[in-house]
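In our numbering, the protein residues as written are 1 to 239.
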Amino acid sequence: MDKRGKKYFLNEGVDFQSDLGIIDKDLIANAQIGDTLKTHLDHDFKVVKANINDFIELMDRRCSILVKKDIGSVLAHTGLGSGSNVVDAGTGAGAICLNFANVVGNDGMVYSYEIREDFAKIASKNIEKFGLKNIVIKNKDIKEGIDEENLDLIFLDLPKPYEIFEGVYESLNFGGWLAVYAPYIDQAEIAYKVAKKLNFENIDIIETIERGIEVKTQGTRPKTRMVGHTGYLVFARKL
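Below, the structure is given as structure tokens:
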């Protein structure tokens, strides 16, 4: 990370190059987390171990991804934890399945369905690069059927997720959660009604709004720009 806060991935066995100069590959090879490395132009770089958010910020993505406020709401609302088994449909670049896998750990598994082959390939490369071993990417339409059983969470980011709610109900553990990301309120409304008809319980629709606070010499106040509407989240539990 440079003094501007800009982040970079380091590639093993090659010199690092940026607009602030070059760092020799031998310096990189001997560096430890927390070290400061100087470029040939005398600019400082901090060596930082990337966490999941750092990686997602820099990874290859050719589509929109869920933002942290929505991902956090899904994790908190469903109580996902170590050893949980998850199905995710609508992989995209892999942002939310990476978060799921990071939370469930080596004792859990994440199976992610993506109908588009190009997105499935991008997500697979991103996952391999981050190094998680508990994710399986499936280039398959989930409407053809959910292969897995005894699931703790099924997360759907699809245009018409309610079309597969019957299969979702059958694939969930007792106490397992269905979670849906819906950009439009009519999608969320239909999802709610279908889930209720199928005897899901604890059905909720929420919208998370995030407003930052800025601290200046003149005073402290809310930022004038905020992360407003991104999507609605629908939750339902098999009980």
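Yeah, the Cβ is synthetic: ideal placement off N, Cα and C, and Gly gets one too.
Residue i versus residue j: straight-line alpha-carbon distance, rounded
i	j	result
A95	Q17	27 Å
G83	E148	15 Å
E12	F200	50 Å
R4	K46	11 Å
V74	A50	23 Å
I190	D60	33 Å
L233	I203	11 Å
L58	F9	8 Å
Y184	R225	22 Å
Extent of the continuous beta strand (DSSP E) to which residue i belongs
i	result
K46	D44 to K46
F55	Not the beta strand (DSSP E): F55 falls in the alpha helix (DSSP H), residues I52 to L58.
L156	L151 to L156
K216	I213 to K216
Y8	No beta strand (DSSP E) holds Y8; DSSP gives it neither H nor E.
I142	Element bounds for I142: n/a, residue is neither H nor E.
Y169	Premise fails: Y169 lies in the alpha helix (DSSP H), F165 to S171, not in any beta strand (DSSP E).
V87	N85 to A89
L37	T36 to K38
L66	No beta strand (DSSP E) holds L66; DSSP gives it neither H nor E.
Selection from the options that minimises the alpha carbon distance to residue i
i	options	result
G228	D26, V67 and N53	V67
D157	Q187, N202 and L80	Q187
Y181	P161, K121, I52 and G167	P161
G175	A236, V110, E163 and L58	A236
K121	K7, K197, C63 and D24	C63
N102	G34, Y184 and I52	I52
G34	D2, M59, D152 and E57	D2
E170	E57, A29, L153 and F130	L153
K223	R211, T217 and T230	R211
D240	K143, L98, T217 and N134	Absent from the model: residue 240. The displayed extent of the chain is 1 to 239, so no value can be given.
K238	V215, K197, I206 and Q218	K197
Y111	I146, I65, H77 and R225	I146
Inter-residue CB distance, residue i and residue j (contact presumed, cutoff 8 Å)
i	j	result
H40	I22	5 Å
F165	V194	5 Å
Unbroken alpha helix (DSSP H) run spanning residue i, endpoints
i	result
K125	E117 to F130
D26	K25 to A29
Would the stretch 83-92 count as touching the stretch 115-130 if we require 3 or more Cβ pairs under 8 Å? yes
Three or more C-beta pairs below 8 Å linking the stretch 132-143 and the stretch 56-72: no
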